[in-house]
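Per this note's numbering: the sequence shown = residues -8 to 351.
One structure below.
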Amino acid sequence: MEITLREVTIGEVVAGYANNQEDGIVGYGGRLNIRPPYQREFVYKDKQRDAVINTIRKGFPLNVMYWVKIGDDAYELMDGQQRTLSLCEYVASVFALEYQFFHNLTEDEQREFLAYKLLIYVCEGTDREKLEWFEVINTVGVKLEPQEIKNAVYHGPFVSDARRRFSKTHCPAYKSASKYIKGSAIRQDYLETVLDWVSKGNIAKHMAEHQQDPDAEGLWLYFRSVINWVETKFSTYRKEMQGVNFGYLYDTYGGTKVNAAELEREVARLMQDEDVTCKAGIYTYVFDREQRHLNIRKFTERQKREAYEKQKGICFDCKKKFELSEMEADHDTPWSQGGRTEAANCRMMCRPCNRHKSDK
């Protein structure tokens, strides 16, 4: 890979700046693709954006940026998108700094700002070399998420359409996804989650197989099927539903007949059960009945000590004497049969007996 260092003024970079949602974002007289397929959406906060402008206004050095040469005089921005967009939008008077837009500056101030020289490393190489370098240099600033790297490696029509549907602010998936998926669209959380659902955890394999698909319509239809199933089976939305692996539940139990009214009554009852400490786990438990999802409240150390003294250190099962540290608390009447996590329902068993009971 060949790498050269150039000095490019802000005025040259912002020349011809255009932000078209369909065609992309360009600058440098239309010769610089500011958001190639492997780049993320704009994620800078106002404070970070303003810091870039202040750095220039004060004449301080700005961190070096990286371009990739893709033609005789055409480039892709490899690293520095957030800073470049901050500069372009400031000069375009999209935002103000300390209540002052760029067009409000004096002519001398504008000329000085536009004359500021940016340090740009320009590299030439194969696609694989460019992507590997891209991953290496993105170790500072707003760190790339794993899904953003995958988007770069498998970029193509499938990824482009999937990002349009799942990865932009107020994208088509936003209304539903924001209720059921944690994270944000622009950091690829929605897309990563849906890909994880449809691929059963093997996102890279799925993306490789569908890389050249003309669109992501299949992924979108799968997502809509999952959401429709969830909203049909669970008539009441609760915040605990956000983050539940509904893709797994849909794939596993989507063909199972379930009475939605009965399901709602059980969910409501479990939500009120103070022994259930993981409320989100209720949505999986009502299908597979595995209590581990609920994280049933444990007996307190005081309750354990009281039960231990009442039993005089004798294991409830094998009837042998043990130290308290060698014993574990167990529900006398199981939680699944209505037993509560309270002192009257606590019994102490030696560790081997309790583990043996749990394995049955």
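Beta carbons: idealized from backbone N, C-alpha and C, even for Gly.
Model, not experiment: these values are computed from the prediction.
Within the continuous beta strand (DSSP E) that includes Cys114, where are the two ends? Residues Lys108 to Glu115.
| request: Determine the contact status of Arg342 and Glu317, defining contact as a CB-CB distance below 8 Å. | output: Note that the C-beta distance between Arg342 and Glu317 is below 8 Å.
Practice task
Identify the continuous alpha helix (DSSP H) that holds Glu80 and give its terminal residues.
Solution key: Membership of Glu80 in the alpha helix (DSSP H) is indicated by the continuous run Gln72 to Val82.
Note to self: Taking its Cβ as the centre, do 16 or more other Cβ atoms sit within 10 Å of Val131, making it buried, or is it exposed?
What the structure shows: At Val131 the pLDDT is 49, less than 50, meaning the model places this residue with poor confidence; the figure from the coordinates comes in the next sentence. Val131 counts as exposed, since fewer than 16 other C-beta atoms from the protein chains shown sit within 10 angstroms of its C-beta.
Please report how far the alpha carbon of Gln294 lies from the alpha carbon of Glu257, in whole angstroms. For Gln294 and Glu257, the distance between alpha carbons rounds to 29 Å.
message = Suppose the cutoff is 7 Å on Cβ atoms and the five residues either side in sequence are ignored; what does the same chain contact list for Asp204 look like?
response = Close CB contacts of Asp204 within its chain, under the 7 Å cut and outside five residues either way in sequence, are with Pro148 and Phe149 (chain order).
Drop a sphere of 10 angstroms on the beta-carbon of Ile(-6), count the other beta-carbons inside from all chains shown, and report buried for 16 or more, exposed for fewer. Counting the other CB atoms within 10 Å of its CB gives Ile(-6) a total below 16, which places it among the exposed residues.
- Task: Can you grab the Cα-Cα spacing for the pair Gly234 / Ile218, in whole Å?
- Result: Roughly 13 Å between the two C-alpha positions.
| query | DSSP on Val131, reduced to helix/strand/coil? | reply | Confidence at Val131 is low in this model, with a pLDDT of 49, below 50, so the placement of that residue should be treated as unreliable; the coordinate-derived value is given next. Coil.
Spatial neighbours of Leu261 within its chain, please: C-beta separation below 6 Å, excluding the five flanking residues on both sides. Cβ within range, chain order: Val267 and Ile273.
| Nearest to Leu254 by alpha carbon, out of Arg283, Val221 and Gly238? | With respect to the C-alpha of Leu254, the residue from Arg283, Val221 and Gly238 having the closest C-alpha is Val221.
Compare the beta carbon distance of Val113 and Trp188 with 8 Å and say whether it is the shorter of the two. No; because the gap between Cβ atoms is not below 8 Å, this pair is not in contact.
- Message: With H, G and I counted as helix, E and B as strand and the rest as coil, what does DSSP make of Leu182?
- Response: Of the three classes helix, strand and coil, the one that applies to Leu182 here is helix, per DSSP.
#### Entry: CA nearest to the CA of Pro52, picked from Tyr107, Cys162, Arg40 and Gln73
Among Tyr107, Cys162, Arg40 and Gln73, the Cα nearest to that of Pro52 is on Tyr107.
- Query: Looking only at C-alpha atoms, which of Glu139, Tyr181 and Phe92 sits nearest to Arg156?
  - Reply: Of all alpha-carbon atoms in Glu139, Tyr181 and Phe92, the one lying nearest the alpha-carbon of Arg156 is that of Tyr181.
Taking a contact to mean a Cβ-Cβ separation below 8 Å, would you say Pro87 touches Tyr8 in this structure?
A small fix is needed here, since residue 87 is Ala in this sequence, not Pro. Cβ distance not < 8 Å, so Ala87 and Tyr8 don't count as in contact.
message = Please tell me whether, using a cut-off of 7 Å, the distance from the CB of Tyr145 to the nearest non-hydrogen atom of the ligand SAM is below it.
response = The ligand SAM is absent from the structure shown, which contains no ligand whatsoever.
**Q.** Nearest-angstrom beta carbon gap, Val43 and Ile78 [assumed within contact, 8 Å]
**A.** Residue identity differs from the one stated: residue 78 is Leu in this sequence, not Ile. Contact holds; Cβ gap of about 7 Å.
#### Entry: Cutoff 8 Å: Thr0 Cβ touching any chain B Cβ
Structure shown: chain B not included; a single protein chain is present.
For the pair the stretch 135 to 142 and the stretch 69 to 78, tell me if three or more CB-CB distances fall below 8 Å. Touching, no, given that fewer than three Cβ pairs across the two stretches are closer than 8 Å.
### Per-residue DSSP class, three states only, for Tyr19
It is coil, neither helix nor strand.
Output the distance between the C-alpha atoms of Met232 and Lys60, rounded to the nearest integer angstrom.
Across the structure, Met232 and Lys60 are spaced so that their CA atoms are roughly 46 Å apart.
Just to confirm before moving on: does the CB-CB distance between Arg22 and Asp70 stay below 8 Å? No.
Distance between Arg229 and Ala252 (C-alpha atoms, nearest Å)
The straight-line gap from Cα to Cα measures roughly 15 Å.
message: Do Gly18 and Leu105 have their beta-carbon atoms positioned less than 8 Å apart in this structure?
response: Their beta carbons are not under 8 Å apart, which means Leu105 does not touch Gly18 by this criterion.
| request: With DSSP as the reference, please indicate the residues paired to Met318 in a beta bridge. | output: Within the DSSP bridge table, the entry for Met318 names Cys341 as partners.
* To the nearest angstrom, how far is it from the Cα of Lys311 to the Cα of Cys344? -> Going from the Cα of Lys311 to the Cα of Cys344 covers about 11 Å.
message: Along the chain, where does the beta strand (DSSP E) containing Leu(-4) start, and where does it finish?
response: Counted as a single uninterrupted DSSP element, the beta strand (DSSP E) harbouring Leu(-4) occupies residues Glu(-7) to Thr0.
Since I believe Ile111 is in contact with Arg26 (beta carbons under 8 Å), could you give me their beta-carbon distance rounded to a whole number of angstroms?
Contact doesn't hold; Cβ gap of about 17 Å is too wide.
Could you check which residue in Ala259, Lys224 and Gln263 has the C-alpha nearest to that of Tyr244? Measuring from the Cα of Tyr244, the nearest candidate turns out to be Lys224.
Coarse secondary structure for Asn11, derived from DSSP in three states
In the three-state reduction of the DSSP assignment, Asn11 falls in the strand class, which pools E and B.
The alpha helix (DSSP H) enclosing Gly209, as first and last residue numbers = The continuous alpha helix (DSSP H) containing Gly209 extends over residues Glu208 to Lys224.
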